[in-house]
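**Q** For the sequence shown, my numbering begins at 7 and goes up steadily by one. From the three backbone atoms N, C-alpha and C, an ideal C-beta is built for every residue, glycine too. A quick note: this is a predicted structure, and the numbers were derived from the prediction, not measured.
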Amino acid sequence: MKEAVLQPLLKKPSLDPETYNNFRPVSNLKMISKVTEKVAATRLIHYLEVNNLCELYQSAYKINHSCETALFCVQNILFALVSNK
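(1) Which value, in whole angstroms, describes the spacing of the CA atoms of V41 and L35?
(2) Restricting to Cα atoms, I'd like to know which of N58, T25 and R30 is closest to Q13.
(3) What three-state label does DSSP hand L35 in the structure shown?
(4) Using only alpha-carbon positions, find the residue among S65, N90, I69 and K91 that is nearest to V80.
(5) If distances are taken between C-alpha atoms only, which option among Y63, V56 and L84 comes closest to A1?
(6) Does any residue of chain B have a CB that is nearer than 8 Å to the CB of A46?
(7) Going along the chain, which residues of its own chain have a beta-carbon closer than 7 Å to the beta-carbon of L15, five neighbours each way excluded?
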């Protein structure tokens, strides 16, 4: 469970501080929560990689993978399908 203290911060100094919509909520999570989450994520990804449980075409949450690599993969698959016809 995460607990945080929310502090309203003014979006821009030039905005009216009397208007509620000119603020954005900002939370500062406790440091131990951030560290614990990072350690758990790192260990889970390592476990999945060691045991070959990662999806081949998954791009999210993988090192050196992004939306661009996912689009290149789809593009290559489409080109292969079109060229085989």
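**A** Well, looking at it:
(1) It is roughly 10 Å from the alpha-carbon of V41 to the alpha-carbon of L35.
(2) Q13 has its Cα closest to that of R30, out of N58, T25 and R30.
(3) L35: strand per DSSP, three-state reduction.
(4) When the alpha-carbon of V80 is set against those of S65, N90, I69 and K91, the nearest one is in S65.
(5) Residue 1 lies beyond the stretch modelled for the chain, which goes from 7 to 91, so this question has no answer here.
(6) In the structure shown, chain B cannot be found, because there is only a single protein chain.
(7) F29, R30 and V32.
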